[in-house]
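The structure appears right after this line, and notes come after that.
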Amino acid sequence: MLQVLPQNISNLIAAGEVVSRPASVVKELVENAVDAGATSVVVSVLDAGKTLIQVIDDGCGMTAGDAVLCFERHATSKIATAEDLARIQTYGFRGEALASIAAVAEVTLRTRRPEDEIGTMVEISGTSPARTQPVAAPSGTHIAVRNLFYNVPARRKFLKSDNAELRAIIQEFLRVALIRPETAFKLTSNGKEIHNLRPAATRKKRIQDIFGMNLAKELAEVNVDTSLVRISGYIGNPEDARKSAGNQFFFVNGRYFRSPFFHRAVCKPYEKLVPDDYAPAYFLFLETEPERVDVNIHPAKTEVKFEDEGMVFEILMAAVREALGKNDFTPSIDFDMKGAPDIPVFPRHADYSPLFNPFNPPSAPDVPVFPDTPQMTDATPAVPQAPGYGRLFEDEPAAANNLIVLQRKYIVTPVKSGMMVIDIRRARQRIFYERYLEKIAEQQPVRQQSLFPVTVRLSPEDYLTLLEQPDLTARLGFDIQDFGGNTVVVNALPEGYPADEEQVRRCIDELVAALKDDSSLEDQHHLLAASMAESAAACGAGSLNAAEAQSLVDRLFACREPKLTPDGRRCLAIVTFEELEKKL
Ligand code: ADP
Ligand code: MG
10 MLQVLPQNIS NLIAAGEVVS RPASVVKELV ENAVDAGATS VVVSVLDAGK
60 TLIQVIDDGC GMTAGDAVLC FERHATSKIA TAEDLARIQT YGFRGEALAS
110 IAAVAEVTLR TRRPEDEIGT MVEISGTSPA RTQPVAAPSG THIAVRNLFY
160 NVPARRKFLK SDNAELRAII QEFLRVALIR PETAFKLTSN GKEIHNLRPA
210 ATRKKRIQDI FGMNLAKELA EVNVDTSLVR ISGYIGNPED ARKSAGNQFF
260 FVNGRYFRSP FFHRAVCKPY EKLVPDDYAP AYFLFLETEP ERVDVNIHPA
310 KTEVKFEDEG MVFEILMAAV REALGKNDFT PSIDFDMKGA PDIPVFPRHA
360 DYSPLFNPFN PPSAPDVPVF PDTPQMTDAT PAVPQAPGYG RLFEDEPAAA
410 NNLIVLQRKY IVTPVKSGMM VIDIRRARQR IFYERYLEKI AEQQPVRQQS
460 LFPVTVRLSP EDYLTLLEQP DLTARLGFDI QDFGGNTVVV NALPEGYPAD
510 EEQVRRCIDE LVAALKDDSS LEDQHHLLAA SMAESAAACG AGSLNAAEAQ
560 SLVDRLFACR EPKLTPDGRR CLAIVTFEEL EKKL
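If you read the sequence shown in our numbering, its first letter stands for residue 10, the second for the next number, and so on.
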């Protein structure tokens, strides 16, 4: 029998599209406040929004009638005709948000228009009919959303940790705050202030208020105007590029959007300036005729479709390249590019031999053949099991006086079958990786290198991430103290890190990036150890004396898998006498 769904059920279904987590409620409410012309928006959450999300604005408010009507589906004051849809100036226009939120939470609305004497209070929640009464209220709107998903236990169960949910809330909050520098925004969590953004005269000032002076003073301005699109905003110094995503923002016509495609356009000009999988900070504001872009393809509206995507890509890339060129940014660390040529060895015939058969390999290859750029994109930096393992020990390096350090990069040493070339940085990467993994597995924290305490100020998001798993970070060798106000004091770093201030910051950033990964526990430990090892190896590169070179070689060969870095690149290569003879 065919039946029209009762409205509370259809709202519940629709709610699934609009409201997936506390952050989506924050997004909708903050956008409504901005649409209402607020000059000040105050957001407070309890327990990452799971208990309470409250948004107070000083915008236009609502009449008693609208205060009830706004909870109906498709009730919107923002469009009346089909033409309006093409030229939307506001965030909202579907009239779905409040209906959806009320379907899955307990909502209290208090609102008053500036021109009215008395305000209205509406209490509404999924099951019961709305109750309304006149109240005294400041002008504007105050909306409180309690016990989100109280009636959808499955949803509630799927919410992440408070810190993860709070991070998502901060993201949504910032996406709006960045486009509206003239509006004051405040965010508190469990009574603690996370952001308090005063009205700012410029976007740059707003960026500075949010992300701190360090990042803001290094920004390069982007500005192009073409008939297709106008792009303005800022891109970060390559030195501030980070592994942890978070400081990347695209907006089109005043609306945040996500685009892996355009992200590539921005990153391309940075290619030679930052290590692989680092991304620069950017804040890019695109403007185009509303007809040229469809912001409506995704229910949560963070994906958009451009009419001339390819052209916009080119324009964006050129604009970023030009901005980079105008500021002579140079790379500060000596990074190991994954696409770069591997250890320079003489060509090995086994690599090309048409007779090569993986099931019947030619007798004892020196070093197993791995692609130079490993195609391992899996989350786990799997350690491929190397064939011919036994052979390596025959080829172990000889005594200390036979070690030569080349260009601070390689150690060369005779072995039985010829000579072995060890990539110092990669060797260190392998050594630290195994050390860190061991330490994570140990139960009590061991502190390594104490250092002159370094104070690091973080974004609120990164701050939360960093303090989320104190046991894990302590086992790795960190001594991190919470200083309050998004600031930590770093007293000790894991073994391998030099203690200079810039490196401490970099190290903390690596840690945050690795901790943000939502993989399973075991994967996370591997990832954490691998990425910390990579950055320790990158910053510690200096010259080695003979004893240090020897100790490095010894430690490498004490590893479980000395031949490969945790991400599968070769740590060493052997040039055989046979190959030498062919050369000479
Ligand atoms: P939409 O934003 O898509 O119109 P919503 O469900 O978010 O849909 O809101 C419905 C309507 O409620 C809005 O169109 C607006 O008229 C009114 N409204 C919501 N929030 C506010 C607010 N903070 N101040 C004034 N009016 C509001
Ligand atoms: Mg809305």
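Backbone N, C-alpha and C define an ideal beta-carbon position, used for all residues, glycine too.
I need the residues with a C-beta less than 5 Å from some heavy atom of ligand 2; please give them in chain order.
Counting only heavy atoms of ligand 2, the residues whose C-beta sits closer than 5 Å to one of them are, along the chain, N41, G101, A106.
Identified DSSP bridge partners for F259
Answer is F266, L293.
Can you tell me where the beta strand (DSSP E) holding M71 begins and where it ends?
That residue, M71, is in no beta strand (DSSP E); it is neither H nor E in DSSP.
Going by DSSP, what residues sit across from P143 in a beta bridge?
DSSP output for P143 lists T129 as bridge partner(s).
As an exercise, report each continuous beta strand (DSSP E) stretch of at least 3 residues that is fully enclosed by the segment 472-536, in chain order.
Runs of the beta strand (DSSP E) inside the segment 472-536: 488-493, 496-501.
Applying the criterion that 16 or more other CB atoms from any shown protein chain within 10 Å of the CB defines a buried residue, is Q438 buried or exposed?
Here Q438 is buried, its C-beta having at least 16 other C-beta atoms within 10 Å.
Curious, which full-length alpha helix (DSSP H) runs of at least 4 residues does the segment 145-228 contain?
Qualifying alpha helix (DSSP H) stretches, in chain order: 162-166, 171-188, 212-220, 222-225.
For a test of your reading of the model: does the CB of K87 fall under 6 Å from any non-hydrogen atom of ligand 3? Yes or no.
This structure simply doesn't include ligand 3; it includes ligand 1 and ligand 2 instead.
Own chain residues within Cβ distance below 7 Å of E40, not counting five before or after:
Closer than 7 Å at Cβ, skipping near neighbours: Y100, G101, V185.
How would you call S468, buried or exposed, if buried means at least 16 neighbouring beta carbons within 10 angstroms?
By the neighbour-count rule (16 or more Cβ atoms within 10 Å), S468 is buried.
When DSSP builds the beta bridges, which residues end up paired with E115?
The partner list for E115 (beta bridge, DSSP) reads S134, R155.
The beta strand (DSSP E) enclosing G242, as first and last residue numbers:
Per DSSP, the continuous beta strand (DSSP E) segment holding G242 begins and ends at 239-244.
Could you have a look at V28 and say whether DSSP puts it in helix, strand or coil?
V28: coil per DSSP, three-state reduction.
So does D480 have its beta carbon nearer than 6 Å to some heavy atom of ligand 1?
With a threshold of 6 Å, the Cβ atom of D480 does not count as near ligand 1, since no heavy atom of the ligand is closer than that.
Looking at the unbroken alpha helix (DSSP H) that takes in S560, where does it start and where does it end?
If you look at S560, you'll find it in the alpha helix (DSSP H) that goes 555-566.
Could you spell out where the beta strand (DSSP E) holding L55 opens and where it closes?
Taken as a continuous stretch (DSSP letters only), the beta strand (DSSP E) holding L55 covers 49-55.
Would you identify the three-state DSSP class for D432, choosing helix, strand or coil?
Residue state, collapsed to three classes: strand.
Is any non-hydrogen atom of ligand 1 found closer than 6 Å to the C-beta of D526, if you look at the structure I gave you?
Remark: the shortest separation between the CB of D526 and any heavy atom of ligand 1 does not fall under 6 Å.
So for E37, helix, strand or coil by DSSP?
Here DSSP, grouped into helix, strand and coil, assigns E37 to helix.
When every heavy atom of ligand 1 is checked, does at least one fall within less than 6 Å of the C-beta of R103?
Yes.
What residue from A508, F294, Y265 has the CA that sits closest to D234's CA?
For D234, the closest alpha carbon among the candidates A508, F294, Y265 is that of F294.
What residue does the beta strand (DSSP E) around L333 start on, and which one ends it?
Note, L333: premise wrong, no beta strand (DSSP E); alpha helix (DSSP H) at 318-335.
So for P423, helix, strand or coil by DSSP?
In this structure, P423 counts as strand in the three-state DSSP scheme.
Taking contact to mean at least 3 C-beta pairs separated by less than 8 Å, is the segment 80-87 in contact with the segment 166-174?
Taking a cut-off of 8 Å on C-beta distances, the segment 80-87 does not touch the segment 166-174, as fewer than three cross pairs fall below it.
For T496, which residues from the same chain have a beta carbon less than 8 Å from its beta carbon, with the 5 sequence-adjacent residues on both sides left out?
Apart from sequence neighbours up to five positions away, the residues of its chain that approach T496 with a beta-carbon distance below 8 Å are T464, V465, R466, L467, Y472, ordered along the chain.
What's the gap between the Cα of L446 and the Cα of A538?
Taking the straight line joining both Cα atoms gives about 6 Å.
Identify which residue in V54, A556, G255, D509 has its Cα closest to the Cα of A153.
Cα-wise, what sits closest to A153 is V54.
Quick one: does the C-beta of A542 sit closer than 6 Å to a heavy atom of ligand 1?
A distance criterion of 6 Å places the beta-carbon of A542 beyond contact range of ligand 1, judged by its closest non-hydrogen atom.
Taking the alpha helix (DSSP H) that L467 falls in, what are its first and last residues?
Unbroken run through L467: none, as it is neither H nor E.
Report the three-state DSSP secondary structure of I88 (helix, strand or coil).
Correct three-state label for I88: coil.
Taking all protein chains shown into account, do 16 or more other C-beta atoms lie within 10 angstroms of the C-beta of D509, making it buried, or fewer, making it exposed?
D509 is exposed by the Cβ-count criterion.
Should E92 be labelled buried (16 or more other beta-carbon atoms within 10 Å of its own) or exposed?
Under this definition E92 is an exposed residue.
Is the CB-CB distance between E115 and N156 below 7 Å?
Cβ distance < 7 Å, so E115 and N156 count as in contact.
What residue does the beta strand (DSSP E) around L415 start on, and which one ends it?
413-415 is the span of the beta strand (DSSP E), which, as asked, contains L415.
Inspect the CB distances between the segment 208-227 and the segment 265-285 and report whether three or more fall short of 8 Å.
By the criterion of at least three beta-carbon pairs nearer than 8 Å, the segment 208-227 is not in contact with the segment 265-285.
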